[in-house]
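Protein chains in written order, with this note's numbering: chain E, 46 to 295; chain C, 497 to 869. C-beta atoms are modelled at their ideal positions from N, C-alpha and C, and glycine is treated no differently.
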């Protein structure tokens, strides 16, 4: 695994209207690893993801992707990475194949038959062969997520952001999505950054992680999730990995 | 952009061998697709030799496998050989699992007769759903009368504000311009016959009996009707309607009744306001364009109009309001299929409302003519 970071984050503060909800964030995402942003509900995981993607502007600090300063998304060049949103965010009026074809039509000079071939191949790769002509409303939640991953992979990105890829799925389907993420890393060499709080998925596929805390507004732990589970002394981290907590009184 | 791949075609005793070499990537996908299609267009068995391929990405693998599948569907043997371990693993990843269809062809265009049949069945189901809705509403109405506290009246105030008070600005503009246009359009003909003052009767009667209520109802259908449909449609899609049901709340009493009452209550007020603004607009047009003073305009209008003209229109507007609310709520509650469904319901609500408004207006015109109004 190449140690040169795919993403380098230094002194990052993110939030809304100039009010940081996370600050002093420093971390690297290495090439070819599955990196997870962890934490309880409301700790700012998805907000941080939006900043890494370039949908929102940081309050302070820097984000470098492959050595280049992170920028807001632009519409005059292909996106430098693929993104799958929490629900798949498929366009409801388009079939799965048309959804996956969209970035190919916009950013490649492939003829329609080739676009179709690539889109069908991507769907096949995520296990949706035979569902090309289905509308998103006609497939299950897990299939929507898979189709979202296929669309994110359409332009052959080396970096993939996944927001809650296995949330809300039954254990078998969630395990299938985890397996797909592992395949992307192991066989396609894709670097995956994912936001999740699904412990089975974390232990199944994540190489390294950071744990965010809502009250501390920062990273409270970083490293291999299995090591953190077994050895973390910070009670917030311990509670997260051992599903303890609830309302603290006093 | 220079192509990074090459394809050599070699005919040997076992058929044709395509020797691919270089870098097969999506980045040069257009040229790769063109060259592969050309090479694979040959008849007879073909072996695709990948031993010279240095790198292949997912996009290129998809194209190669798709073209092979097309050939095989045509009955031509096509074999991929010679790739390194990485290349063959990638092809396996994008390949078709054995025993499964590689992909489904897009469905062929449906014959006209089948389309007609499907549309007829859909229309009948639609009619059945509407009857179900009306039946359920009547049943709920009876229950609501017996137990008024079970209706969610707390929302009534804000619904009336949104449908009524918030619509006054647009009713003002539309009413004023309606009257102004009527006066201006009729001015040439009236002045030709020296009957300028009749503009007051024309504007007053037309607006009070017909255009005022109808235009107000159209504005309400576009504004509140669309909003109700989209709102209930989103609630349906987000399972909020189901949540109401499992909480023991009847969605008709909780959501539909307050909306029907809000529109039934606000429509007469909006109609009266639109009528008044149209008459003011007509007066401005008459004073500017015709030999009529403001006093003469109002005097003439008061002389030839009576309250029955105004309240005939206002009475009709209550039915318009009820119809718009019912159609919008029915369409909203019948929403399916996510965001697309919400859009479809909203469009359908507005279009159906307009149709129903014209039908109700025709019925009233007939009834009023029978009673000499």
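Quiz item: For residue 97/E versus residue 108/E, is the C-beta distance shorter than 8 Å?
Solution: Locating residue 97/E in the first chain gives position 52, where the first residue counts as 1. Locating residue 108/E in the first chain gives position 63, where the first residue counts as 1. A distance below 8 Å separates the beta carbons of residue 97/E and residue 108/E.
Exercise. Enumerate in chain order the residues of its own chain whose CB-to-CB distance from residue 58/E is below 8 Å, with the five nearest sequence positions on each side excluded.
Key: Position 13 of the first chain, counted from the start, is the residue given in the question as residue 58/E. Annotation for residue 58/E: 65, 67, 68, 69, 70, 103, 104, 105, 106 place their beta carbon closer than 8 Å to its own, counting only its chain and skipping 5 residues before and after.
Quiz item: Mind pulling the chain E residues with CB within less than 8 Å of residue 514/C?
Solution: Stepping through the second chain from its first residue, residue 514/C is reached at position 18. The premise fails here: residue 514/C is roughly 17 Å from chain E at the closest Cβ pair, so nothing lies under 8 Å.
Exercise. Indicate whether at least one CB of chain E lies closer than 8 Å to the CB of residue 569/C.
Key: For the purposes of this step, residue 569/C is identified with residue 73 of the second chain, where counting begins at 1. Proximity of residue 569/C to chain E, defined by a Cβ-Cβ separation below 8 Å, is not satisfied.
Practice problem: Pull up the distance between the alpha-carbon of residue 733/C and that of residue 709/C, whole angstroms please. | Solution: Along the second chain, one-based indexing puts residue 733/C at 237. Along the second chain, one-based indexing puts residue 709/C at 213. Whole-angstrom Cα-Cα distance: 34 Å.
Exercise. Give a yes or no on whether 8 Å exceeds the smallest Cβ distance from residue 562/C to chain E.
Key: Your numbering for residue 562/C matches position 66 in the second chain. Judged by the 8 Å Cβ criterion, residue 562/C is in contact with chain E.
Quiz item: Taking the runs of the beta strand (DSSP E) that are 3 residues or longer, which of them lie wholly in the region 203 to 271 of chain E?
Solution: For secondary structure counted as the beta strand (DSSP E) over 3 or more consecutive residues, the region 203 to 271 of chain E holds these complete runs in sequence order: 204 to 208, 236 to 240, 253 to 258, 263 to 268.
Exercise. Take the Cβ of residue 868/C as the centre, count every other Cβ of all protein chains shown within 10 Å, and call the residue buried at 16 or more, exposed below.
Key: Mapped onto the second chain, residue 868/C falls at position 372. So residue 868/C counts as exposed.
Quiz prompt | residue 286/E versus residue 842/C: straight-line alpha-carbon distance, rounded | solution = Here residue 286/E is taken as the residue at index 241 of the first chain, counted from 1. Here residue 842/C is taken as the residue at index 346 of the second chain, counted from 1. Answer to the nearest angstrom: the Cα atoms are 46 Å apart.
Quiz prompt | Between the CA atoms of residue 850/C and residue 139/E - distance to the nearest angstrom | solution = Along the first chain, read from residue 1 onward, the residue named residue 139/E stands at position 94. Along the second chain, read from residue 1 onward, the residue named residue 850/C stands at position 354. Answer to the nearest angstrom: the Cα atoms are 30 Å apart.
Exercise. Could you check how far apart the C-beta atoms of residue 655/C and residue 755/C are, in whole angstroms? I think they sit under 8 Å.
Key: On the second chain, position 159 is the one that residue 655/C refers to. On the second chain, position 259 is the one that residue 755/C refers to. About 6 Å separates the CB atoms of residue 655/C and residue 755/C; that is less than 8 Å, so the two are in contact.
Quiz item: Of all the options 220/E, 218/E, 114/E, which has the alpha carbon lying nearest to the alpha carbon of residue 52/E?
Solution: For this step, residue 52/E is matched to residue 7 along the first chain. Residue 52/E has its Cα closest to that of 114/E, out of 220/E, 218/E, 114/E.
Quiz prompt | Nearest-angstrom Cβ-Cβ length linking residue 265/E and residue 258/E, presumed shorter than 8 Å | solution = Locating residue 265/E in the first chain gives position 220, where the first residue counts as 1. Locating residue 258/E in the first chain gives position 213, where the first residue counts as 1. With 8 Å as the limit, residue 265/E and residue 258/E qualify as a contact, their Cβ atoms being about 4 Å apart.
Self-check item: Neighbour list for residue 209/E in chain C, Cβ cutoff strictly below 7 Å
Solution: Stepping through the first chain from its first residue, residue 209/E is reached at position 164. Within 7 Å of the CB of residue 209/E, no CB atom of chain C is found; the nearest one sits about 18 Å away.
Quiz item: Residues in its own chain within less than 7 Å of residue 757/C by CB, not counting five upstream and five downstream?
Solution: As a working mapping, residue 757/C is identified with position 261 in the second chain. Beyond the five residues adjoining it in sequence on each side, residue 757/C comes within less than 7 Å, by CB distance, of 652 in the same chain, given in chain order.
Quiz item: Which whole-angstrom value describes the C-beta separation of residue 773/C and residue 675/C, a residue pair presumed to lie in contact below a C-beta threshold of 8 Å?
Solution: Taking the second chain and counting its residues from 1, one reaches residue 773/C at position 277. Taking the second chain and counting its residues from 1, one reaches residue 675/C at position 179. With a Cβ gap of about 7 Å, residue 773/C and residue 675/C count as contacting.
Quiz item: When you check each C-beta in the region 528 to 553 of chain C against every C-beta of chain E, which residues fall closer than 7 Å?
Solution: Taking 7 Å as the Cβ-Cβ cut-off, the region 528 to 553 of chain C approaches chain E at 529, 553, given in chain order.
Practice problem: Check whether the region 168 to 181 of chain E touches the region 130 to 145 of chain E, taking contact to mean three or more Cβ pairs, one atom from each stretch, closer than 8 Å. | Solution: Short answer: they touch.
Quiz prompt | Three-state secondary structure (DSSP) of residue 542/C | solution = Taking the second chain and counting its residues from 1, the one referred to as residue 542/C is at position 46. Residue state, collapsed to three classes: strand.
Self-check item: Same chain, Cβ closer than 8 Å to residue 87/E, five either side skipped, listed in chain order
Solution: Counting from one through the first chain, the residue named residue 87/E turns up at place 42. The beta carbon of residue 87/E sits closer than 8 Å to those of 259, all from its chain and outside the five residues before and after it, given in chain order.
Self-check item: C-beta atoms of residue 207/E and residue 129/E nearer than 8 Å
Solution: Numbered from its first residue, the first chain carries residue 207/E at position 162. Numbered from its first residue, the first chain carries residue 129/E at position 84. In this structure, residue 207/E places its C-beta atom within 8 Å of the C-beta atom of residue 129/E.
Quiz prompt | residue 200/E in three-state terms, based on DSSP | solution = Here residue 200/E refers to the residue found at position 155 when the first chain is read from its first residue. Three-state result, residue 200/E: coil.
Exercise. Could you have a look at residue 49/E and say whether DSSP puts it in helix, strand or coil?
Key: The count along the first chain starts at 1 and reaches residue 49/E at position 4. Reduced to three states, the DSSP call for residue 49/E is coil.
Exercise. Spell out whether any CB of chain E is found under 8 Å from the CB atom of residue 600/C.
Key: As a first step, residue 600/C is located in the second chain; it is residue number 104 there, counting from the start. Yes, because at least one Cβ of chain E sits closer than 8 Å to the Cβ of residue 600/C.
Self-check item: Host alpha helix (DSSP H) of residue 283/E (start-end)
Solution: Numbered from its first residue, the first chain carries residue 283/E at position 238. Where residue 283/E is concerned, the enclosing alpha helix (DSSP H) stretches over 280 to 286.
Practice problem: On a CA-only basis, which of 765/C, 764/C, 778/C is nearest residue 673/C? Give me that one, please. | Solution: As a working mapping, residue 673/C is identified with position 177 in the second chain. That would be 778/C, whose Cα lies nearest to the Cα of residue 673/C.
Quiz item: Thinking just about the alpha-carbon of each residue, which of 568/C, 644/C, 555/C, 520/C is nearest to the one in residue 538/C?
Solution: What you label residue 538/C is simply residue 42 of the second chain in a count that begins at 1. Minimum Cα distance to residue 538/C is reached at 568/C.
Quiz item: If you pair each beta-carbon of the region 521 to 532 of chain C with each one of the region 153 to 160 of chain E, do three or more pairs fall below 8 Å?
Solution: The count of Cβ pairs closer than 8 Å, one atom from the region 521 to 532 of chain C and one from the region 153 to 160 of chain E, reaches three, so the stretches are in contact.
Quiz item: Could you check where the alpha helix (DSSP H) with residue 145/E kicks off and where it finishes?
Solution: Within the first chain, the letter at position 100 stands for residue 145/E. Following the DSSP letters along the chain, one finds residue 145/E inside the alpha helix (DSSP H) bounded by residues 141 to 152.
Quiz prompt | Whole-angstrom distance between residue 760/C and residue 854/C, CA atom to CA atom | solution = Taking the first residue of the second chain as 1, we reach residue 854/C at position 358. Taking the first residue of the second chain as 1, we reach residue 760/C at position 264. Just so you know, the alpha carbons of residue 854/C and residue 760/C end up roughly 17 Å apart.
Practice problem: Establish whether the CB of residue 605/C and some CB of chain E are separated by less than 8 Å. | Solution: Against the second chain, residue 605/C aligns to sequence position 109. Chain E, which has no Cβ nearer than 8 Å to the Cβ of residue 605/C, makes this no.
Quiz prompt | Proximal residues, the region 828 to 849 of chain C versus chain E, C-beta separation under 7 Å | solution = Listed by position along the chain: 833, 834, 835, 836.
Quiz item: Could one say the Cβ of residue 518/C lies closer than 8 Å to chain E's Cβ atoms, at least one of them?
Solution: Position 22 of the second chain, counted from the first residue, corresponds to residue 518/C. Contact of residue 518/C with chain E is not assigned, every C-beta pair being separated by 8 Å or more.
Practice problem: Just tell me which of 552/C, 794/C, 780/C has its CA closest to the CA of residue 697/C. | Solution: Position 201 of the second chain, counted from the first residue, corresponds to residue 697/C. Per the Cα distances, 794/C.
Practice problem: Go through the region 683 to 737 of chain C residue by residue and report every complete run of the beta strand (DSSP E) that reaches 3 residues or more, in order. | Solution: With a minimum length of 3 residues, no continuous beta strand (DSSP E) run stays inside the region 683 to 737 of chain C.
Quiz item: Is the Cβ-Cβ distance between residue 554/C and residue 590/C less than 8 Å?
Solution: By 1-based counting over the second chain, the position of residue 554/C is 58. By 1-based counting over the second chain, the position of residue 590/C is 94. Annotated as proximal: residue 554/C and residue 590/C, with beta-carbon spacing under 8 Å.
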